[in-house]
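One structure is given below, encoded as structure tokens.
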Amino acid sequence: MTTKEGYLVVNSSLYEKLAEQICSDYAAVGRLPSERSLAQHYACTRSTIRSALSLLRDRGHLQSEARRGYRLKSSSEPASSVSSQTWNIVMLLTEKQLEDQNILDLVGGAITAASRQRVNLVVRQLDERLTLAPGTLEQLHPGIEADGYFLSSATERMRNFLENLFKPCVVLGWNQTMESIENRRFIQVYLPMEEKVKLVMAELLRLGHRRLLYVNSQFDSAHLRGLGSLLGHADLEIDCIKTKWPSASHELISESATQVLAALRNHTALVVHSGGATHYNIYHNLLKSRVDIPGRLSLLIDSGRFDWLISVGQVASVFSSAAEEGAACINELVAQLKTGSLKFGCRTAAYQFRPGLTLGPAMSREECEKYDLQTQWKKGIGLR
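Just so we're aligned, residue 769 is where the sequence shown starts under the numbering used here, counting upward by one.
Shown next, in the form of structure tokens:
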């Protein structure tokens, strides 16, 4: 911490630029004008001014005087004792996200980490249609002074808010528009989807699988064969089928699961992108039909989400723990608050491969022909 003409100047912190500028500009007079005047002078919102002043006050460098506003303390004055502050971290979620089991796991991990770090985690629902002026995120949590923000994703609309915040903010989730945000944001991203698919295919190819049915929403067969060629295998037979998202109605989910099962022919492996209601419905129908898994058909879900009917280690998967991601985001925010610095960068979430009980060596073509999947499936659901 440095001084100028006897007054304390705050070094880089949460509001480093604004707080330091205020101290520098008003060191000679000591007394600050109104919040409105400061906002006009620095071309920012009053809420931003209040946040910077709050930082100075919490550190004992600013004194409030009744009817006279704020006064900067000189270095010769003892700083008033400040009680240990409990930080408030605000987590913003949309209504659709609150219907996602993975997001609920994310919140659970964040709550656990917040409890251990002794910070307050405030969860607020964000209306996606809401239009706010830059720097006014605090309108979403009236009465709560946010020290940091945690967003599970960031839309283009949120970008303006983030760029005008002098507070730690962690954005979890891959979003291309976030790449252009100024260098004062910390962004944690998921493992790029193509890398995830390569990890899945490498494991299947190692086990001898060459005839795959891939349930996904992003990649076509040609793209997947291209990835296979990169891994040294150009003899792949890959079919792709798209399904409804997990948030679809129960009727659509059942329809999608039936569509996938009806597409199974001579495939030796079924790969399902992203776990959800649709995808576990597929697995439940395979079990109900008594399809030999993994003897006849290997199943791999490239996600870590599980429903209450399936034990965690049962299905082979490539996963990252949503709870661990939520905890990591809280820990990152707390670290920034403790050091008084704003960070920028990207971190790739760690993914792991879990063999489970549904993955095994590929059955030979001759054996596949003897064990017809369609016959077994129709028999299992009572069709002849």
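A virtual CB, placed ideally from N, CA and C, is assigned to each residue, including glycine. The model shown is predicted, which means the values in this text are computed figures rather than measured ones.
For Ser920 against Leu874, the beta-carbon gap comes to about 6 angstroms, under 8 angstroms, which counts as contact. For Leu1125, the closest alpha carbon among the candidates Phe934, Ile857 and Ile1061 is that of Ile1061.
Gly1128 counts as buried, since at least 16 other C-beta atoms from the protein chains shown sit within 10 angstroms of its C-beta. Judged by DSSP in its simplified three-state form, Tyr917 adopts strand.
Residue pairing for Leu1067: DSSP places it in a beta bridge opposite Leu1038. Taking the Cα positions, Leu1067 is about 14 angstroms away from Asn984. Here Asn1034 has Arg979 and Cys1136 as same chain residues with Cβ atoms under 6 angstroms from its own Cβ, once five neighbours each way along the sequence are excluded.
A direct Cα-to-Cα measurement between Asp1007 and Pro1123 gives close to 23 angstroms.
For Leu998, the enclosing alpha helix (DSSP H) begins and ends at Ser989 to Leu998. Within the model, the alpha-carbon separation for Asp868 versus Ala1031 is close to 27 angstroms. When the Cα atoms are used, Val939 and Leu1029 turn out to be separated by approximately 37 angstroms.
Looking at the DSSP output, Ile1006 shares a beta bridge with Leu980.
Beta-bridge annotation (DSSP): Leu800 is not paired with any residue. DSSP places Val890 in the uninterrupted beta strand (DSSP E) bounded by Asn888 to Gln893.
Spatial neighbours of Leu967 in its own chain (CB-CB distance under 6 angstroms, excluding positions within 5 residues in sequence) are listed in chain order as Val1086.
According to the DSSP assignment, Ala1084 belongs to no alpha helix (DSSP H) but to the beta strand (DSSP E) extending over Ala1084 to Phe1087.
Taking each of Gly877, Gln885 and Lys935 in turn and checking the Cα distance to Ser819, the smallest one comes out for Lys935. CA-CA distance, Glu863 to Val890, rounds to 16 angstroms. Non-local C-beta neighbours of Asn1053 in its own chain, meaning closer than 6 angstroms and more than five positions away in sequence, comprise Ala1025 and Leu1029, ordered along the chain. Nearest to Leu972 by C-alpha distance, out of Val1040, Ala914 and Cys791, is Val1040. DSSP places Ile790 within a helical segment (H, G or I) once states are collapsed to three. According to the DSSP assignment, Arg1133 belongs to the alpha helix (DSSP H) that extends over Arg1133 to Lys1138. When DSSP states are grouped into helix, strand and coil, Cys1097 belongs to the helix group. Within the same chain, Cβ atoms closer than 6 angstroms to the Cβ of Leu1141 are found at Leu1032, the five residues on either side in sequence being excluded. Sorting Leu1065, Leu861, Gln907 and Asp915 by C-alpha distance to the C-alpha of Leu894 places Leu861 at the top.
Val1028 sits in a helix when the DSSP states are folded into three classes. Contact annotation: Gly1063 and Ala881 have beta-carbon atoms that are not nearer than 9 angstroms.
Counting along the chain, the unbroken beta strand (DSSP E) around Gln1120 starts and ends at Gln1120 to Arg1122.
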